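137 is the number that our numbering gives the last residue of the sequence shown; the numbers go up by one with no jumps.
Inspection log for the structure reproduced underneath, given as structure tokens.
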Amino acid sequence: MDRNENIIFYDGYCALCNRLVRFILKNDREGIFIFSSLQSDTAAKIIPRKQIDDNNTLVFKKGDKLLYRSEAAFSILRKLDTFWRVLLVFSFMPAGFTDRIYDLIAATRYHVFKRYDSCPLPPKAYKSRFLNATDAK
Numbered sequence: 001m002d003r004n005e006n007i008i009f010y011d012g013y014c015a016l017c018n019r020l021v022r023f024i025l026k027n028d029r030e031g032i033f034i035f036s037s038l039q040s041d042t043a044a045k046i047i048p049r050k051q052i053d054d055n056n057t058l059v060f061k062k063g064d065k066l067l068y069r070s071e072a073a074f075s076i077l078r079k080l081d082t083f084w085r086v087l088l089v090f091s092f093m094p095a096g097f098t099d100r101i102y103d104l105i106a107a108t109r110y111h112v113f114k115r116y117d118s119c120p121l122p123p124k125a126y127k128s129r130f131l132n133a134t135d136a137k
């Protein structure tokens with residue numbers, strides 16, 4: 001697998017986002033996902049800044065394509081081995097609607113789930129699944 005094929009970009013300061021990364025790591029039995037924070041040099045090299053708003057946007061690099069917000073979340077969920085795939089029923093709703101729900105969660109995540117002062121280090125067992133700036137193409 002190409003290391004740049006399935007990259008999940010997330011807000012490294014967000015406690016909710018970091019919990020979701022740990023959830024994905026646990027349920028990604030094939031180890032297909034690689035991770036990088038939106039605040040990283042890797043993200044700056046790959047994602048046009050105008051496409052993300054104050055690091056409120058989940059971005060999934062699926063091959064050569066960048067997916068954003070709810071489309072990214074649904075695409076990631078499709079690849080996981082978890083009961084929570086039942087949430088894919090919402091992927092059949094209009095993207096404008098699911099993105100509004102995504103935006104509501106993104107706008108309140110620091111208030112509800114808190115914010116870290118710095119990006120937490122990845123768990124040692126998964127450190128190889130997190131990109132450094134030199135890894136990105």
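We put the beta carbon where it would ideally sit given N, CA and C, even for glycine.
Bear in mind the structure is a predicted one, so any value in this text is a computation, not a measurement.
Of the residues the options, the one placed nearest residue i, counting alpha carbons only
| i | options | result |
| --- | --- | --- |
| residue 41 | 102, 12 and 20 | 12 |
| residue 17 | 102, 64 and 128 | 102 |
| residue 79 | 19, 15 and 23 | 23 |
| residue 144 | 117, 45, 73 and 131 | Shown here, the chain extends from 1 to 137; a query on residue 144 therefore has no answer. |
| residue 92 | 49, 112, 71 and 105 | 71 |
| residue 129 | 36, 67, 14 and 75 | 36 |
| residue 115 | 56, 15 and 33 | 15 |
| residue 120 | 7, 6 and 19 | 19 |
| residue 132 | 43, 28 and 33 | 43 |
| residue 28 | 98, 84, 96 and 97 | 84 |
As assigned by DSSP and simplified to three states, the class of residue i
| i | result |
| --- | --- |
| residue 33 | coil |
| residue 15 | helix |
| residue 136 | Low confidence applies here, because residue 136 scores a pLDDT of 48, under 50, leaving its location unreliable; read the following figure in that light. In the structure shown, residue 136 sits in coil (DSSP, three-state: anything other than H, G, I, E or B). |
| residue 6 | strand |
C-alpha distance - residue i paired with residue j, whole-angstrom precision
| i | j | result |
| --- | --- | --- |
| residue 124 | residue 9 | 19 Å |
| residue 94 | residue 100 | 10 Å |
| residue 108 | residue 89 | 24 Å |
| residue 45 | residue 38 | 10 Å |
| residue 68 | residue 112 | 22 Å |
| residue 55 | residue 48 | 12 Å |
| residue 105 | residue 122 | 23 Å |
| residue 110 | residue 117 | 12 Å |
| residue 64 | residue 75 | 14 Å |
| residue 52 | residue 7 | 16 Å |
| residue 34 | residue 26 | 13 Å |
| residue 50 | residue 81 | 33 Å |
Exercise. Would you mind listing the beta strand (DSSP E) stretches within the segment 58-125 that are 3+ residues and don't spill past its ends, in chain order?
Key: 59-62 and 65-68
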